[in-house]
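With the working numbering, the residue at position 143 of the sequence shown is 143, and numbering never jumps. We put the beta carbon where it would ideally sit given N, CA and C, even for glycine. Every value quoted in this text rests on a predicted model; they were computed, and no experiment measured them. Note sheet for the following structure.
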Amino acid sequence: MAEVRLRPMTADEYDAWREQSVRGYAAEIATSRDLDPESAAAQSAGEFAELLPDGLASANMHLWTAVVDDEAVGIGWIELRRRASGLSAWIYDISVDADHRGRGLGRGLLDALHAAARDLGATSMALNVFGDNRTAIRIYETSGYAVTAQQMRREL
Numbered sequence: 001m002a003e004v005r006l007r008p009m010t011a012d013e014y015d016a017w018r019e020q021s022v023r024g025y026a027a028e029i030a031t032s033r034d035l036d037p038e039s040a041a042a043q044s045a046g047e048f049a050e051l052l053p054d055g056l057a058s059a060n061m062h063l064w065t066a067v068v069d070d071e072a073v074g075i076g077w078i079e080l081r082r083r084a085s086g087l088s089a090w091i092y093d094i095s096v097d098a099d100h101r102g103r104g105l106g107r108g109l110l111d112a113l114h115a116a117a118r119d120l121g122a123t124s125m126a127l128n129v130f131g132d133n134r135t136a137i138r139i140y141e142t143s144g145y146a147v148t149a150q151q152m153r154r155e156l
C-alpha cells in the first residue's frame, strides 16, 4: 500500500469539497433522520455553516487533502475538542475519491489522520459512522475503535 500523506486543503479544493459534501451529507441524513430532501438539504447547509463559519480558517478545524505520490486521493476533516480526559480529535469527514478506492487508502488515510491528531496534541479520536456504511465500520473496528453510543430505528 502506498503511503498516504496529508497537506492543507487549498481554497479551491475546499470550495469543491464543501459543495459536494453538503449534498452528500444531505442525502445521508435524509435517510438516517427520515427527512424530506428539502429539509435535509437545509439542515446539511446549516450544519456546515455552523461548523465552518470561516471556511478553512474556522477555529479548531483542520482540513487536509490526502495525497499519494503527489496525486490528491481524498480528504480528511477533524476538529480538536477539549474533554475531561484531555484533547480529543473528532473526525467529521474522511473520504477516498471513488476512483482510488479498493487499494487500502482508506486505512492509510485514517492512519495519517491519527498521526496528524497526535501531532496536534490529541490523545484520542472519535467519529460517527452511518449504520449502512459497512466498509467504514469494518475499517474503524479493525483500527481499534469501539462503539460508545448507538442509535437504532425500527419500522412499525
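By the three-class DSSP mapping on this structure, what secondary structure does residue i have?
i     : result
Pro8  : strand
Thr65 : strand
Glu13 : helix
Gly24 : helix
Excluding five sequence neighbours on each side, which residues of the same chain lie with their C-beta closer than 7 Å to the C-beta of residue i?
i     : result
Gly55 : Tyr14
Ile29 : Leu35, Ala40, Gln43, Ser44
Rounded to the nearest angstrom, how far is the Cβ of residue i from that of residue j, given a contact under 8 Å?
i      : j      : result
Met125 : Ile91  : 6 Å
Ser123 : Ser88  : With the sequence shown as reference, residue 123 is identified as Thr, and Ser is not the correct amino acid for it. About 7 Å; that satisfies the 8 Å criterion.
Met9   : Leu63  : 4 Å
Val4   : Leu109 : 5 Å
For the alpha helix (DSSP H) that contains residue i, what are its first and last residues?
i      : result
Leu113 : 105-119
Thr142 : 134-142
On the CB-based measure, 16 or more other CB atoms within 10 Å of its CB, does residue i come out buried or exposed?
i      : result
Val147 : exposed
Ala98  : exposed
Leu52  : buried
Gly86  : exposed
How far does the beta strand (DSSP E) with residue i in it extend, from its first residue to its last?
i      : result
Gly46  : Premise fails: Gly46 lies in the alpha helix (DSSP H), 37-51, not in any beta strand (DSSP E).
Ser95  : 86-96
Leu80  : 71-83
Met152 : Careful: Met152 lies outside any beta strand (DSSP E) and carries neither H nor E.
Ser124 : 124-127
Can you list, in chain order, the residues of its chain whose CB lies under 8 Å from that of residue i, leaving out five sequence neighbours each side?
i     : result
Ile75 : Met9, Glu13, Trp17, Leu63, Trp64, Thr65, Ala66, Asp93, Ile94, Ser95
What residues in its chain sit with their C-beta under 6 Å from that of residue i, if we drop five residues either side in the sequence?
i      : result
Ala26  : Ala40, Ala41, Ser44
Gly106 : Val96, Ile139
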